[in-house]
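Written out below as structure tokens is the structure these notes cover.
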Amino acid sequence: RGGGGNFGVVTEFEFALHPVGPMVALGLQFWPLSQGPEFLRLARDVATSLPDEINIIIGAINAPPAPFVPPELQGTPGYALIVTGFGEPAEHEQVLARIRSALPPLVDFATPIPYAQLQQMFDEGNHFGLHAYDKATYLETLSDDALDVIAEHVARKSSPESALFVYRLDGAFAQVEDDATAFGGRRTPCFALFLLAIGEDAAQCEPDVAWVRDLWAALQPHAMGSGSYLNGESEFTEDRIRASYGAAKYDRLVEIKGRYDPDNVFRRNANIPPAATPPRQRTPQP
Numbered sequence: 001r002g003g004g005g006n007f008g009v010v011t012e013f014e015f016a017l018h019p020v021g022p023m024v025a026l027g028l029q030f031w032p033l034s035q036g037p038e039f040l041r042l043a044r045d046v047a048t049s050l051p052d053e054i055n056i057i058i059g060a061i062n063a064p065p066a067p068f069v070p071p072e073l074q075g076t077p078g079y080a081l082i083v084t085g086f087g088e089p090a091e092h093e094q095v096l097a098r099i100r101s102a103l104p105p106l107v108d109f110a111t112p113i114p115y116a117q118l119q120q121m122f123d124e125g126n127h128f129g130l131h132a133y134d135k136a137t138y139l140e141t142l143s144d145d146a147l148d149v150i151a152e153h154v155a156r157k158s159s160p161e162s163a164l165f166v167y168r169l170d171g172a173f174a175q176v177e178d179d180a181t182a183f184g185g186r187r188t189p190c191f192a193l194f195l196l197a198i199g200e201d202a203a204q205c206e207p208d209v210a211w212v213r214d215l216w217a218a219l220q221p222h223a224m225g226s227g228s229y230l231n232g233e234s235e236f237t238e239d240r241i242r243a244s245y246g247a248a249k250y251d252r253l254v255e256i257k258g259r260y261d262p263d264n265v266f267r268r269n270a271n272i273p274p275a276a277t278p279p280r281q282r283t284p285q286p
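In our numbering, the protein residues as written are 1 to 286.
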């Protein structure tokens, strides 16, 4: 659990269902690049004080070509909050009102939405055929220094599809024991950052590959080690894979790989090379 596609082919999933919706509350708010430092500090303060039934995604994106975005703002680079409420609508509205009063957004849209439709929000912007490169990192806190790094670098991205997303990991995530799964990192509240270079073609994507790498490097003095969430990585060097799992978990996975895939058949992934295994003993023939 968490070792990726290193051990075989998944033929069946078993899901534990949880009641939700079918309608949830959605808020989408957008600010200009010029308000980056103020926005990021507000987003941090909101993210760390949310009720259990509300969650947010902090984003650095270009305003989408959506009907609720004024035409003159569509395609404009800036910052966004996606605020989703799974409880009482009034509780969700209180969070939106707090944000509005602290820093009025350029775009302020709120609506009930089917939960299934919420899961499809990013589909159009991630259509087949895009060129992409991504890196990820964990921050224990969104310190002022880390937020200043983000604000400085966000203004340098060139492709309108490229983005940065920040997710708050707490709640159920932090209730799992560190050693319960192979998932890397400490199971303590933190932030996961995904840095994405995306373009309709290679020429549009390529300049932002350097942007992603530079931003990732600038964030490392503030990061929780050099590990990351490997699903948010385009390159899988052995040192980064080991750092993402941690030495103890990585060594356990190497030993398991040696038992279940000693020939490393499953290797087109964040690969865990198998440990050396004793040669198989042939049964003497009569």
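Every residue gets a Cβ at the ideal spot worked out from N, C-alpha and C, and that includes glycine.
Keep in mind that this is a model prediction, so the values were computed, not measured.
Burial state of residue i, where buried means 16 or more other Cβ atoms lie within 10 Å
| i | result |
| --- | --- |
| tryptophan 164 | The sequence as given places leucine at residue 164; tryptophan does not occur at that position. With 16 or more Cβ atoms within 10 Å of its Cβ, leucine 164 is classed as buried. |
| asparagine 6 | buried |
| asparagine 62 | buried |
| histidine 18 | exposed |
| glycine 199 | buried |
| histidine 127 | exposed |
| valine 95 | buried |
| glutamate 14 | exposed |
| alanine 97 | exposed |
| alanine 197 | buried |
Sequence-distant residues of its chain with Cβ nearer than 6 angstroms to residue i (five each side left out)
| i | result |
| --- | --- |
| lysine 157 | Asp208, Trp211 |
| valine 166 | Ile58, Phe191, Leu193 |
| asparagine 55 | Thr84 |
Residue i and residue j closer than 8 angstroms at C-beta
| i | j | result |
| --- | --- | --- |
| aspartate 214 | histidine 153 | yes |
| glycine 8 | tyrosine 260 | yes |
| leucine 81 | glutamine 29 | yes |
| alanine 230 | alanine 270 | Reading off the sequence shown, one finds leucine at residue 230, where the question assumed alanine. Yes, the pair counts as a contact, with Cβ atoms nearer than the cut-off. |
| tyrosine 79 | phenylalanine 109 | no |
| serine 228 | threonine 141 | no |
| glycine 75 | proline 160 | yes |
| serine 226 | aspartate 134 | no |
| lysine 249 | alanine 275 | no |
Spatially closest choice to residue i from the options, by CA coordinates
| i | options | result |
| --- | --- | --- |
| serine 143 | Ile198, Asp263, Ala43 | Ala43 |
| arginine 41 | Val24, Gln94, Ile99 | Ile99 |
| serine 103 | Ala110, Lys249, Glu235, Pro32 | Before going on, a small fix: residue 103 reads as leucine here, not serine. With distances taken between Cα atoms, leucine 103 lies closest to Pro32. |
| phenylalanine 122 | Tyr229, Pro19, Ile241, Pro64 | Pro64 |
| proline 147 | Phe128, Gly125, Trp216 | The sequence shown places leucine at residue 147, not proline. Out of Phe128, Gly125, Trp216, Trp216 has the C-alpha closest to the C-alpha of leucine 147. |
| arginine 186 | Ala243, Pro273, Phe266 | Ala243 |
| valine 20 | Glu88, Thr237, Ala180, Ile256 | Glu88 |
| alanine 47 | Leu169, Asp263, His222, Leu17 | Leu169 |
| alanine 202 | Ser162, Leu219, Ala66, Tyr115 | Ser162 |
| proline 71 | Leu106, Asp45, Ser49 | Leu106 |
| phenylalanine 86 | Gly125, Gly27, Pro37, Gly36 | Gly27 |
| histidine 92 | Ala223, Leu219, Pro51 | Pro51 |
| isoleucine 150 | Ser49, Ala223, Glu53 | Ala223 |
| alanine 155 | Ala247, Pro37, Glu53 | Pro37 |
Residue i - partner residues in DSSP beta bridges
| i | result |
| --- | --- |
| isoleucine 54 | Gly85 |
| cysteine 190 | Leu169 |
| methionine 23 | Pro114 |
| alanine 63 | Per DSSP, none; premise fails for alanine 63. |
Own chain residues within Cβ distance below 7 angstroms of residue i, not counting five before or after
| i | result |
| --- | --- |
| tyrosine 245 | Ala182, Gly184, Leu253 |
| glutamine 35 | Leu103 |
| leucine 292 | What the structure shows of the chain is the stretch from 1 to 286, and residue 292 is not part of that stretch, so it cannot be assessed. |
| proline 279 | For proline 279, the pLDDT reaches just 47, beneath the cut-off of 50, and the residue's location in the model is therefore unreliable, leaving the point undetermined. |
| glycine 129 | none |
Cβ shell of residue i (< 8 angstroms), same chain only, five flanking positions each side left out
| i | result |
| --- | --- |
| methionine 220 | A small correction: the amino acid at residue 220 is glutamine; methionine does not occupy that position in the sequence shown. Around glutamine 220: Thr137, Ser226. |
| proline 22 | Pro114, Tyr115, Ala116 |
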